[in-house]
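Single-structure report; data block below.
Have a look at this one:
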């Protein structure tokens, strides 16, 4: 049963004496705390608002109090038994924890939106429910390799599309180009072997470049990765939709709508909290490997047996001749090579996810990386070889992979199974970016390079803002480029090879600086990898810049500028608000104003997020008022909350701190529940001081939480609670 829904109330009537001269019974007295053995652990007793708060309740007392309700038209006291729905529970002295009820919005609109959100994405998860699955090598291959393996479904086609510009005779260059790309794959894989060994806790390009090369190279790597993740979604979804429309040509004109619908579907799924379960991810990945492997093996067998248009040593003539539109040149071959290099996208994923492996993590990750590189090389070379032996040509309405399936499998049901497997792994590759993009955004936000809002987790423990930003970017790309893989590819691999180059260069610097055992061999591998990927990146910019690579380059540059501006703001803000023990010691002592007879000294509540100059301004105002001060800190991380409590008690021992743990990561509802709780101990006389930051520019407000405004809106109509905003404008 849902504990948030109230059960039917029951009333117990206390009868009056029949004799009017007999004295009426004394109404039940309000007790300060719940008795040791209450008659019903699921009930409590309440009274109307005008009768509440007559007993003192200290923050160390139990939250639930026993109260009395009187009849509206008679003197008969009624005991109203209602379900106990605690909004807060006591964890320890000075520590409260918000319950699921206490984490829900208190207003009707907020509750309606929360119910709608629950209907769409499910009930909220507590932070403690986060699942971190340790993966075996078999499961890890499926989880981390879908992006790289899926690129084999379109890499060969992109090579052929470029070579076809020089006519049918130029298609014979596809196999040599594919062989060079496989050699590059081996170099990159060996380079990332060294990265995995050096960074057993995960060595993404941003971390490696930032640690070893400095701030700017690290930010360039981060920008390249964010652009790459966005394009991974766009390219993979477009390729997956192309696999569907190849099998069902009637859907071709709806490919943009289908692609956007797939992105929306994955956005919804990730907002619900799709877990990186190896079991779930294994099925489509191995289904694709098996189906593609079957087609390649059967296709090669037909070539050997003479059932194919070509032979082992000679390519088949194209199905129809192609008139050249430009001459075959070194530049065209390099352009085809850069297009086919998209097959290397996703190779770095295993080095990012080393902590997810079962022990020994580093060894298992290196073995899995080797497996992935070998499987990718087999699939890529197999598709390219068979394309030349069957004389396949790029077509607008059918992919090379689909044509190959029809040639090998015919129109049998196996062909449609094969196409379904291809679409599934491409969509799965897109889904991996929905985990990587928000995670990298959260790391950048934690380092102060992106707005702090990107570190917040939603109801289902997903980085909501990162997921939504990725979805919007991918949908824009799909709409602008008409969900065309060929038009998206020139934008794609620039970020991949820039991040490869910076990561491997950072590893070279690391080996030279630390000189650990075996550093010369490792530095050689990483040095060769850095040089090779740098050459490919320059080739890509040279051959693809005017075809769309300039867009990716511009986006990366704009992101780096944005990172620097955001970081400068946060750094200056931190310099202005940080306080020392001397700053706290200079605060004026609490005022001791005399009270009039019958007057109450107000309880002053200060919501605090950090101990800084903004908080001290509110504490100073509270001391000038001379009331009892209680600070309230809402946190969803117990360790950080404990560190904050220790620092607060060391610097401000005269101002009690009440920590409210929010397992569902809400702020407003637990804070309001705590203020209601404290108001019962203050005879309804509560003054809430809201310290707020006044910024000079509108865009600066986007970089800070505006929860104070929401708290002020909810508190202004509360009986017995006065609100005073303490605006602080920091001087530079």
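Residue numbers (my numbering): -13 to 718.
Even glycine gets a Cβ: it sits at the ideal position worked out from N, Cα and C.
Counting along the chain, no beta strand (DSSP E) covers residue 384, and no H or E run does either. Under the DSSP assignment, residue 419 falls outside any beta strand (DSSP E), being part of the alpha helix (DSSP H) whose first and last residues are 399 to 432. Fully contained in the stretch 213 to 272 are the following alpha helix (DSSP H) runs of length 4 or more, in chain order: 241 to 258. Cα atoms of residue 386 and residue 699: separation of roughly 60 Å, rounded to the nearest angstrom.
The alpha-carbon separation between residue 671 and residue 611 amounts to approximately 13 Å. Assignment of beta-bridge partners to residue 83 by DSSP yields 75, 647.
In the three-state reduction of the DSSP assignment, residue 313 falls in the coil class. The alpha carbon of residue 82 has as its nearest neighbour, out of 303, 559, 133, 645, the alpha carbon of 645. Taking a contact as a CB-CB distance under 8 Å, the pair residue 655 and residue 88 counts as one, their CB atoms being some 6 Å apart. In its chain, beyond the 5 residues on either side, 249, 416, 419, 456, 460 have a beta carbon closer than 7 Å to the beta carbon of residue 219.
Rounded to the nearest whole angstrom, the C-alpha separation of residue 652 and residue 701 is 17 Å. Check the Cα spacing between residue 77 and each of 639, 695, 628: the tightest is with 628.
Less than 9 Å divides the Cβ of residue 619 from the Cβ of residue 631. Separation of the CB atoms of residue 186 and residue 195 is rounded to 18 Å, and the pair is thereby denied contact status at 8 Å. Closest option to residue 425, judged by alpha-carbon separation, among 190, 519, 633, 90: 190.
Cβ neighbours of residue 312 within its own chain (closer than 8 Å, five residues either side excluded): 151, 152, 318. Annotated three-state conformation of residue 308 is coil, per DSSP. In the displayed model, residue 693 falls within a helix according to three-state DSSP. For residue 708, the enclosing beta strand (DSSP E) covers residues 707 to 714.
In the three-state DSSP reduction, residue 621 falls in the strand class (E or B). Here residue 634 is buried, its C-beta having at least 16 other C-beta atoms within 10 Å. If you check the CB distance, residue 337 and residue 479 do not come in under 9 Å.
By the Cβ-count criterion, residue 228 is buried, with 16 or more other Cβ atoms from all chains shown falling within 10 Å of its own Cβ. Its chain contains 676, 678 as the residues whose beta carbon lies nearer than 7 Å to that of residue 694, once the 5 sequence neighbours on both sides are disregarded; these appear in chain order.
Residue 501 and residue 351 have their C-alpha atoms spaced approximately 23 Å apart. With a cutoff of 9 Å on beta-carbon distance, residue 447 and residue 111 are scored as near each other. When rounded, the separation of the alpha-carbon atoms in residue 178 and residue 562 is 42 Å.
Counted as a single uninterrupted DSSP element, the stretch harbouring residue 594 is not any beta strand (DSSP E), since DSSP gives it neither H nor E. Residue burial annotation: residue 532 is exposed, with fewer than 16 other C-beta atoms found within 10 angstroms of its C-beta.
For residue 538, there is no enclosing beta strand (DSSP E); the enclosing alpha helix (DSSP H) covers residues 535 to 563. The Cβ atoms of residue 589 and residue 643 lie no closer than 9 Å to each other. Counting the other Cβ atoms within 10 Å of the Cβ of residue 159 gives 16 or more, which makes it buried. Residue nearest to residue 84 within the set 710, 689, 649 is 649 (criterion: CA-CA distance). Secondary structure of residue 616 (DSSP, three-state): strand. Distance from the CA of residue 637 to the CA of residue 75, rounded to the nearest whole angstrom, comes to 27 Å.
The alpha-carbon of residue 91 is positioned some 10 Å away from that of residue 101.
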